[in-house]
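According to mature numbering (1 follows the signal peptide of the UniProt record, and there is no 0), the stretch in the sequence shown is residues -22 to -1, 1 to 220, in order. From the three backbone atoms N, C-alpha and C, an ideal C-beta is built for every residue, glycine too. Being a predicted model, the structure only gives us computed values, none of them experimental. The block underneath contains the structure these notes are about, expressed in structure tokens.
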Amino acid sequence: MRSRRGRLVLAAACGAVALTTAACSLPAGVRSADTARVADAASLPAEEIPEDQLAPAATSLTQPDPSAAPAATAGGKDDNSTWPTKWGPLSPLDRDLIKKVRLATLWEMTMAQEAIQRASSAKVRTISKEIAAQHHVLDKGALDLAKKFDIRLPVKPTEDQARWMADITSRTGRDYDVTYVKWLRLAHGGIFPAIGSVRGTTQNTLVRKYAEECNAAVLNHQRLLESTGLAGPDAFPTPPPV
């Protein structure tokens, strides 16, 4: 087991409070939807998640429960090795999916909850309730897996996600609805291929089950967002090269 697991429960509680605060806060900056940078991978940064976006090594997300099954024997906090666990090997790709689902929830659930109150369309308000509820379930799954496997999770959205949040929040009326649908549909289209890659390759039984849950939820969210009739061409990621 890694040396940081034995930190005091007080540090765990502080880490959890910091996580809750970061997930609920909205960015101050605002950029136009026409000028905000659109990453092809949407909410999935291609590089390693920056250190300042990860929770401390010993938090409520990583502190093992004495009664729980043994966690993975990790080679290091950011290593690229496959970790042995009682549920099967845990690959870097497996761990990355858990982090990215957490990242998605940090902003998508927040914006869905806001849209329930602010969207001008009854349809958008209705689908946002379902999206927010399902993200809550996915987030709980990510937190549970992070605790079992001693994975450090992000505590705040990426810069792109923060810009999208600011862009949505700055709008009103139908413009709000269109911008909200655009950014959420783009992000869901970005994470969808990553989920399939993990489901097709993982040897870890817990991650396999979680990938299936993510796949079902993200597919449903794409359908819900498209059902509004507000998802224009810029709401879809650029197709990968053939």
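In the same chain as K160, and ignoring 5 residues on each side of it, the C-beta atoms closer than 8 Å to its own belong to A11, L208, A209, G210, D212 and A213, in chain order. With 16 or more other CB atoms across the displayed protein chains lying within 10 angstroms of its CB, N182 is buried.
DSSP places G168 inside the alpha helix (DSSP H), whose first and last residues are G151 to T179. With contact defined as three or more Cβ pairs closer than 8 Å, the stretch 144 to 160 and the stretch 116 to 134 are not in contact.
Under the three-state reduction of DSSP output, L68 falls in the strand class.
One thing to note: E190 has its Cβ no nearer than 8 Å to the Cβ of G119. The beta carbon of D72 is closer than 7 Å to those of V176, T180, N182 and V185 in its chain, skipping five residues each way along the sequence. Short of 6 Å from the beta carbon of K107, and not among the five residues preceding or following it, lie these beta carbons of its own chain, in chain order: I94.
In this structure, DSSP gives P132 an extended state, which the three-state scheme calls strand.
CA-CA distance, T83 to N58, rounds to 24 Å.
Sequence-distant Cβ neighbours of H199 in its own chain, meaning closer than 6 Å and more than five residues away, are I109 and H166. Taking a C-beta distance under 8 Å as the contact criterion, A97 and R103 qualify as a contact pair.
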